[in-house]
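Quick note, the working numbering runs 5 ahead of the 1-based positions in the sequence shown. Every residue, glycine too, gets a C-beta built ideally from N, C-alpha and C. Here the structure is a predicted model, which is why all the values come from computation and not from measurement.
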Amino acid sequence: MSQRADTFDLARLALTSGEGRRITDLEVPLDDFELGGERYATPDTVAATLDLSRMTGGGWALRLRFSATLDGPCMRCLQSADPEIAVDAREVHEHDAGGDPELTSPYIDAADVLDLAGWARDALALELPRQVLCRPDCAGLCPVCGEDLNAAGPEHHHDRAPDPRWDVLRDLKLN
Ligand SMILES: [Zn+2]
Ligand SMILES: [Zn+2]
């Protein structure tokens, strides 16, 4: 049965060197986050698969996989966007790596407890798109009138010259 897992006790598995396990019943909590000034909601928990193997010398090689659907506004048209982000992250951890960051996971403590929630949060952050869009070819909003161009269609355009009253304002500023 799946259960909410903020952490995972690696030592409890009592694996010997070369042994591995796949854990598939993890419900890992995620926090909402901000991107480009907008707030994006994530599911409270995501179903994650954790592959782990015990290395020679007692370290760990870990792989975490899950996918999460975001919920927030499209950055072009402000309509709802719900992109699905797939995460496939790996960590290697040796107990006596001498502080080498390549071989020391920040998510595993001295008692071999894995910070699943922290790892999932950071791994998701690395996979986020630079722009969240409702669809890849979102047409965005009309820069002149602000209408949603996805709904208005390609024939929407403005070919009138700018309102002549603005010229008056410009003239005033010069004086
Ligand atoms: Zn859009
Ligand atoms: Zn327009």
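Grouping DSSP H, G and I as helix and E and B as strand, with all else coil, what is Gly123?
Walking along the sequence shown from the start, residue 123 turns up at place 118. Three-state result, Gly123: helix.
So who's on the other strand from Leu55, going by DSSP bridges?
Mapped onto the sequence shown, residue 55 falls at position 50. DSSP output for Leu55 lists Ile28, Leu69 as bridge partner(s).
Check: Cys147 C-beta below 7 Å from any heavy atom of ligand 1:
As a working note, residue 147 is residue 142 in the sequence shown. No; taking the cut-off as 7 Å, the Cβ of Cys147 has no heavy atom of ligand 1 nearer than that.
Could you spell out where the alpha helix (DSSP H) holding Leu154 opens and where it closes?
In the sequence shown, residue 154 corresponds to position 149, counting from 1. Start and end: 154-157.
As a quick check of your reading: which residues have a C-beta less than 6 Å from at least one non-hydrogen atom of ligand 1, in chain order?
Cys79, Arg81, Cys82, Gln84, Leu138, Cys139, Cys143
Please state whether DSSP places Leu40 in a helix, a strand or coil.
Position 35 of the sequence shown, counted from the first residue, corresponds to residue 40. Here Leu40 sits in strand by DSSP.
Please report the distance separating the alpha-carbon of Gly63 from that of Met80.
Here residue 63 refers to the residue found at position 58 when the sequence shown is read from its first residue. Here residue 80 refers to the residue found at position 75 when the sequence shown is read from its first residue. Looking at the two C-alpha atoms, the distance is approximately 46 Å.
Between His161 and ligand 2, is the CB less than 7 Å from at least one heavy atom?
On the sequence shown, position 156 is the one that residue 161 refers to. Yes, the Cβ of His161 comes within 7 Å of a heavy atom of ligand 2.
From Asn180 to Phe38, what does the alpha carbon distance come to, in whole angstroms?
As a position in the sequence shown, residue 180 is number 175, starting the count at 1. As a position in the sequence shown, residue 38 is number 33, starting the count at 1. With a pLDDT of only 49 at Asn180, under 50, the local geometry of the prediction cannot be trusted, and no value is derived from it.
Taking DSSP as the reference, what is the three-state secondary structure of Arg95?
Locating residue 95 in the sequence shown gives position 90, counting from the first residue. Three-state result, Arg95: strand.
Alpha-carbon spacing of Ala130 relative to Ala157, whole angstroms
Indexing the sequence shown from 1 puts residue 130 at position 125. Indexing the sequence shown from 1 puts residue 157 at position 152. Computed Cα separation, rounded: 34 Å.
To which residues does DSSP link Ser22 through a beta bridge?
Counting from 1 along the sequence shown, the entry for residue 22 is found at position 17. DSSP output for Ser22 lists no bridge partner at all.
When every heavy atom of ligand 2 is checked, does at least one fall within less than 7 Å of the C-beta of Glu152?
If you number the sequence shown from 1, residue 152 lands on position 147. Yes, the Cβ of Glu152 comes within 7 Å of a heavy atom of ligand 2.
Reference Ala94; option with closest CA among Asp49, Gly25, Ser110, Asp142
Counting from one through the sequence shown, the residue named residue 94 turns up at place 89. Among Asp49, Gly25, Ser110, Asp142, the Cα nearest to that of Ala94 belongs to Ser110.
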